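Here the structure is laid out as structure tokens; the discussion comes afterwards.
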Amino acid sequence: MDNRKFIEGLAKRLGCDNDTAMRLTEGFGVVVREECAKANRVAIPGFGTFEGVKHEEEITSDLTTGKRMLLPPSVEVRFVAGSMLKKKLKEGSL
Amino acid sequence: MITLPLPEIIIRLAGINHCDTAFAEKFLSEFSTLMERTLSTEGTLHIKGIGTFRRIELGDEVTVAFAPDDSLAEAVNAPFAMFEPIELDDDVTMEMLEEAGNGENEYNQPETEVPSQEGMPETDTDILQEEHAIGNDIHELPTSIPPVPNHSHKTTTAESANEKSTSTTGPATASNGTATTEVRTAADAAVTVPVTHERIIEKERVVEVNRSHHTMNLVLTGFIALLAGLLIGYFTYDKLNLNNVKSVNISADDVQVYHQQKEAPLSGQAMETEKETRTDLSADSLLRATAVKNVENETDTTKANDIDAKTEVVTDTVRSNRFLTTMAQQHYGKKKFWVYIYLENRDKLGNPDKIAANTIVVIPPASKYSIRPGDPASETDAERQASEIMSRYSKNN
Numbered sequence: 671m672d673n674r675k676f677i678e679g680l681a682k683r684l685g686c687d688n689d690t691a692m693r694l695t696e697g698f699g700v701v702v703r704e705e706c707a708k709a710n711r712v713a714i715p716g717f718g719t720f721e722g723v724k725h726e727e728e729i730t731s732d733l734t735t736g737k738r739m740l741l742p743p744s745v746e747v748r749f750v751a752g753s754m755l756k757k758k759l760k761e762g763s764l
Numbered sequence: 019m020i021t022l023p024l025p026e027i028i029i030r031l032a033g034i035n036h037c038d039t040a041f042a043e044k045f046l047s048e049f050s051t052l053m054e055r056t057l058s059t060e061g062t063l064h065i066k067g068i069g070t071f072r073r074i075e076l077g078d079e080v081t082v083a084f085a086p087d088d089s090l091a092e093a094v095n096a097p098f099a100m101f102e103p104i105e106l107d108d109d110v111t112m113e114m115l116e117e118a119g120n121g122e123n124e125y126n127q128p129e130t131e132v133p134s135q136e137g138m139p140e141t142d143t144d145i146l147q148e149e150h151a152i153g154n155d156i157h158e159l160p161t162s163i164p165p166v167p168n169h170s171h172k173t174t175t176a177e178s179a180n181e182k183s184t185s186t187t188g189p190a191t192a193s194n195g196t197a198t199t200e201v202r203t204a205a206d207a208a209v210t211v212p213v214t215h216e217r218i219i220e221k222e223r224v225v226e227v228n229r230s231h232h233t234m235n236l237v238l239t240g241f242i243a244l245l246a247g248l249l250i251g252y253f254t255y256d257k258l259n260l261n262n263v264k265s266v267n268i269s270a271d272d273v274q275v276y277h278q279q280k281e282a283p284l285s286g287q288a289m290e291t292e293k294e295t296r297t298d299l300s301a302d303s304l305l306r307a308t309a310v311k312n313v314e315n316e317t318d319t320t321k322a323n324d325i326d327a328k329t330e331v332v333t334d335t336v337r338s339n340r341f342l343t344t345m346a347q348q349h350y351g352k353k354k355f356w357v358y359i360y361l362e363n364r365d366k367l368g369n370p371d372k373i374a375a376n377t378i379v380v381i382p383p384a385s386k387y388s389i390r391p392g393d394p395a396s397e398t399d400a401e402r403q404a405s406e407i408m409s410r411y412s413k414n415n
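Chains as they are written, first to last, in this note's numbering: chain A, 671 to 764; chain B, 19 to 415.
Structure below.
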């Protein structure tokens, strides 16, 4: 499902227009972005957890050139599915 | 790592969207329910600004794979956007970088805190407190900026760790070690920018500046050396006699020769060359041009005859890179004729292989020894005489 259909479905379920549903979704994206940038977690019970995992700077070797590089730090955004979501997905696939 | 609890997410959402918390809570509930159903039915879901979710079945397990949206990945990595991978030498290790960081205080910088991207207050109470604080700040402007403490990276990390431990002590004990949710503090909210990377970038800047200075110094030195060389050349050119072709007297003779040639009937190429020389060159340059031309056209028998006609003595100087053979090649067109130069100067030369440098030798006219370049008989005769001379000195040795 693409973003447009998801927003339409969400608006229908919330009983609001598409713009409101879009703004709420974007607002949730802002919360996730801000917290993950701080290497924090955003947990939605029964669904899953968004977390920002910070990788410290590290020395790696470039496989193509063989040169050693000092990579800058970075933050990776991960999503860990909750046990309830996994259970429902498993039931749904059966 | 701090986990943002659901109530705080709801409050943040309500604050961002200017709606009540009940609606924000309902949104979150419907949001997760719809995502769950979509993943169950369709398997994939893309949400703009967040990312793409995909259901994955691993044997009996079913889980969700997540790929963050590009905008989300860029936004969370914005504090590190100024850093780029740096190439290191083979012998540099992480420990060395850390040690260098601890030893060099001039590069240590205070910990950089990532500012809140939206700058939104977290709760309604915070909004009121901030407004109150702003009101107070208007009346009480600071008169001076407080000094910034010079902390090293490790120190600040340790401090933040201490702050974290002290701040979590109370609630953690209150909740009997459930510890899945921690109390957020300002210190925990900061993502540190490593000092090592900044220090290396700073070092690279210094190296680049030094390199540019070095290049400028090289250019300046080269320019000064060039000027000095030009000056030295200007004042010593006449004394050095670098051309080493003829003396001034010979050039004067050449002028005479030139006049003789002009009077004598010339034919073909020689005539054209003479015409060009006559029209293009001034009196002074004519002297030089004629001398050079004489050297180049030594093979010409006509030229050799002209030289024969001269009464002036032609001399040359033996140098470390100028031997009798070199002179013979220049004056007669063949190295083999060196023997005649030797014969002409035999009283002062001795062994032809051991002639002292700076010895001035007389170049005999070609007619005196019947020197004819290109004539096999003349060349054979020269070779024969040369072998006689060489054998004489080889016997002596």
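Glycine included, every Cβ here is placed at the ideal spot set by N, Cα and C. Just so it is clear, the structure is predicted and the values come from calculations on it, not from any experiment.
| Check | Outcome |
| --- | --- |
| Assigned exposure category for Tyr255(B) - 16 Cβ within 10 Å defines buried | exposed |
| Contact with chain B by Thr734(A), beta-carbon distance below 8 angstroms | no |
| Residue from Met739(A), Val745(A), Ile677(A) and Lys758(A) with nearest C-alpha to Glu726(A) | Val745(A) |
| Residue interval of the beta strand (DSSP E) (run including His349(B)) | First-last for His349(B): Leu342 to Tyr350, but that is the alpha helix (DSSP H), not the beta strand (DSSP E). |
| Continuous alpha helix (DSSP H) stretch holding Pro25(B): start and end | Leu24 to Asn35 |
| Span separating the alpha-carbon of Arg223(B) from that of Pro715(A) | 49 angstroms |
| Span separating the alpha-carbon of Arg410(B) from that of Lys366(B) | 16 angstroms |
| Contacts around Glu678(A), its chain only, beta-carbon distance under 7 angstroms, and the 5 residues preceding and following it disregarded | Asn688 |
| First through last residue of the alpha helix (DSSP H) which encompasses Ala681(A) | Asn673 to Leu684 |
| DSSP beta-bridge partners of Glu48(B) | Paired residue(s): none; Glu48(B) is not in a bridge. |
| CB contact check: Ser753(A) to chain B, cutoff 8 angstroms | no |
| Pairwise C-alpha distance: Lys737(A) and Lys675(A) | 47 angstroms |
| Cβ shell of Asn376(B) (< 8 angstroms), same chain only, five flanking positions each side left out | Thr335, Val336 and Arg337 |
| Secondary structure of Arg796(A), DSSP reduced to three states | Outside the shown range of chain A, which is 671 to 764, sits residue 796(A), and nothing can be said about it. |
| Segment contact, 8 angstroms Cβ cut-off, at least three pairs: the stretch 73-80 of chain B with the stretch 27-35 of chain B | no |
| Residues that Ala85(B) bridges to, as DSSP identifies them | Thr70(B) |
| Proximity test, Cβ basis, 8 angstroms: Glu705(A) and chain B | yes |
| Check whether Glu401(B) and Lys353(B) have beta carbons under 8 angstroms apart | no |
| Whole-Å CB distance - Leu680(A) paired with Thr695(A), under 8 angstroms assumed | 7 angstroms |
| Where Val334(B) falls: helix, strand or coil (DSSP) | Val is not the amino acid found at residue 334(B); the sequence shown has Asp there. It is a strand residue. |
| Whether Phe717(A) touches Met53(B) by CB criterion (8 angstroms) | yes |
| Per-residue DSSP class, three states only, for Met11(B) | Summary: the structure shown does not reach residue 11(B), with chain B confined to residues 19 through 415, and so no result is reported for it. |
| Burial state of Tyr252(B) (16 or more Cβ within 10 Å) | exposed |
| Rounded straight-line distance, which links the Cα of Glu330(B) to that of Glu362(B) | 15 angstroms |
| CB-CB length for Ser405(B) against Ser396(B), believed under 8 angstroms | About 15 angstroms separates the two Cβ atoms, so there is no contact after all. |
| Listed by chain order, chain B residues near Glu696(A) by CB distance under 7 angstroms | Gly67 |
| Met19(B) burial status per 10 Å Cβ neighbour count (16 or more: buried) | exposed |
| Min CB distance Phe241(B) to chain A below 8 angstroms | no |
| Cβ-based neighbour list, Cys706(A), same chain, cut-off 8 angstroms, excluding 5 preceding and 5 following | Val712, Phe720, Glu721, Gly722, Val745 and Val747 |
| C-alpha distance - Val412(B) paired with Lys372(B), whole-angstrom precision | Going by the sequence as given, residue 412(B) is Ser instead of Val. When rounded, the distance between both Cα atoms is 12 angstroms. |
| Contact under 8 angstroms by Cβ, Val357(B) with Gln403(B) | yes |
| Contact with chain A by Glu48(B), beta-carbon distance below 8 angstroms | yes |
| Val219(B) - DSSP class collapsed to helix/strand/coil | According to the sequence as given, residue 219(B) is Ile; it is not Val. Of the three classes helix, strand and coil, the one that applies to Ile219(B) here is helix, per DSSP. |
| Residue nearest to Val700(A) in terms of C-alpha spacing, selected from Thr39(B), Glu226(B), Leu106(B) and Gly69(B) | Gly69(B) |
| Cα-Cα separation between Phe98(B) and Phe749(A), rounded to whole angstroms | 22 angstroms |
| C-alpha distance - Val82(B) paired with Ser50(B), whole-angstrom precision | 13 angstroms |
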